[in-house]
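Read through the structure below, which is laid out as structure tokens, and then see the notes.
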Amino acid sequence: MTVTPVAPSATDVSTPGFLEDRFEQDGFVILKDALNRAELDALLAETARICRGELGEIEGAVASSPDETDDEVIRRFLCIHYPHKLSSLMLDTMRHPAIVEPLTRIIGANVKAMQSMLFVKAEGKPGQAWHQDEMFIPTRDRSLTAAWIALDDATVENGCLWVLPGSHRDGVVYPNREHEDPRYDCTVESYDFPWTDADALPVELTAGSVLLFNGYLLHKSLPNTGQHGYRRALANHYMSAESLLPWALPYEGQNMAQADFRDVVLVAGRDPYAYKGVEQLRTPRIRPDRDGGCDR
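Take the sequence shown: its position 166, counting from 1, is numbered 166 in the numbering used here, and each next residue is one higher.
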């Protein structure tokens, strides 16, 4: 019997244990209307300032000119990595109580963040092929969790996320490869996993809602095929503060088992490794799309 996938619905975070159970079972939950309209408007205005370069340099970005409108400037971007390093508002959103409190129920009392990504994705911009965040951010303790905040309504038409429910459970990082699919940006794709596109569910979100999902969950997005507008979103990544993060090569004389990426932000509880200090290792940069091809 063929089962038609049903789009996921918002999780009732007020029911004890329900959020945790759904996250463990499916690998994701939706927090509906976590951010209000005033917060969204402030983040959208901040997005324009970031894209204009008003808050600091972004590696790979083309400088804007005063005679360009915000719309003309913003639509050049697909994704900006580490906006929280440019904007105190983006940093505050990384610590937002409506997001952090559910994270403590999923991850534990002590939570740190290590990455933020500001997606713009104007019409015609590509999506990203099937992948797992754990493939890029190696926590290895299964605590890696993304908070994908919809700044606009995210729909199938404008390129919302698609997920493979339950694909996180085995804790397996699937192989990846380069691809030439014009629907997706230049990031590698995961393959050789036991699900097909027929198993995938679209996650449509209203602006202000948040998708929390496990770092092993397979997910992708398709191009923005709308006739106008954007699919703006802010995605932050979190993990247990108790765990090391071997995201960079060890220092000279250090073995891989001790490698610990310390460009992190504590968002809840205490940091057991605070004695190591915090380093500024990554700088804001743009993610290349397929305009002009991919630099392999």
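Glycine included, each C-beta is placed from N, C-alpha and C at the ideal position. The model shown is predicted, which means the values in this text are computed figures rather than measured ones.
- Judged by DSSP secondary structure, Ser88 falls within the alpha helix (DSSP H) whose first and last residues are 88 to 94.
- Here Tyr230 is buried, its C-beta having at least 16 other C-beta atoms within 10 Å.
- Annotation: the segment 257 to 296 contains the following complete segments of the beta strand (DSSP E) (minimum length 3 residues), in chain order: 265 to 268.
- Close CB contacts of Glu279 within its chain, under the 6 angstroms cut and outside five residues either way in sequence, are with Arg262, Asp263 (chain order).
- With a 10 Å radius around the Cβ and a threshold of 16 neighbouring Cβ atoms, Glu72 comes out exposed.
- A Cβ-Cβ separation of about 18 angstroms leaves Met90 out of contact with Leu212 under the 8 angstroms criterion.
- The beta-bridge partner set that DSSP reports for Ala233 consists of Phe119, Ala150.
- A direct Cα-Cα distance of roughly 6 angstroms separates Gln227 from Glu123.
- Burial check for Pro8: the Cβ neighbour count within 10 Å reaches 16 or more, so the residue is buried.
- Counting the other Cβ atoms within 10 Å of the Cβ of Lys276 gives fewer than 16, which makes it exposed.
- Contact between Leu78 and Arg287 holds, with the beta-carbon distance rounding to 6 angstroms and staying under 8 angstroms.
- If you draw a straight line from the Cα of Asn36 to the Cα of Gln254, it comes to about 46 angstroms.
- Assignment of Ala42 by DSSP, reduced to helix, strand and coil, places it in the helix class.
- Looking at the DSSP output, Cys79 shares a beta bridge with Phe119.
- Trp148 sits buried, since 16 or more C-beta atoms from the chains shown fall within 10 Å of its C-beta.
- For the segment 123 to 173, the continuous beta strand (DSSP E) assignments of 3+ residues that do not extend past its boundaries occur at 128 to 131, 145 to 150, 161 to 163, in sequence order.
- Less than 8 angstroms divides the Cβ of Met239 from the Cβ of Ile107.
- DSSP places Ile99 in the helix class (H, G or I) of the three-state scheme.
- Each residue's CA atom was taken as its position, placing Thr225 and Val163 some 19 angstroms apart.
- Ile137 places its beta carbon less than 8 angstroms from that of Gln115.
- Sequence-distant partners of Asp141 (beyond 5 residues in either direction) whose C-beta falls short of 7 angstroms from its own C-beta, in its chain, are Ser240, Ser243.
- The Cβ neighbour count for Arg232, taken over all protein chains shown within 10 Å, is at least 16; the residue is labelled buried.
- Looking at the DSSP output, Phe213 sits in a beta bridge with Phe28, Ala146.
- Less than 8 angstroms divides the Cβ of Leu40 from the Cβ of Ala207.
- Val156 and Tyr251 have their C-alpha atoms spaced approximately 44 angstroms apart.
- Counting along the chain, Val73 sits inside the alpha helix (DSSP H) bounded by residues 70 to 74.
- Going by C-alpha positions, Pro16 is about 11 angstroms away from Pro102.
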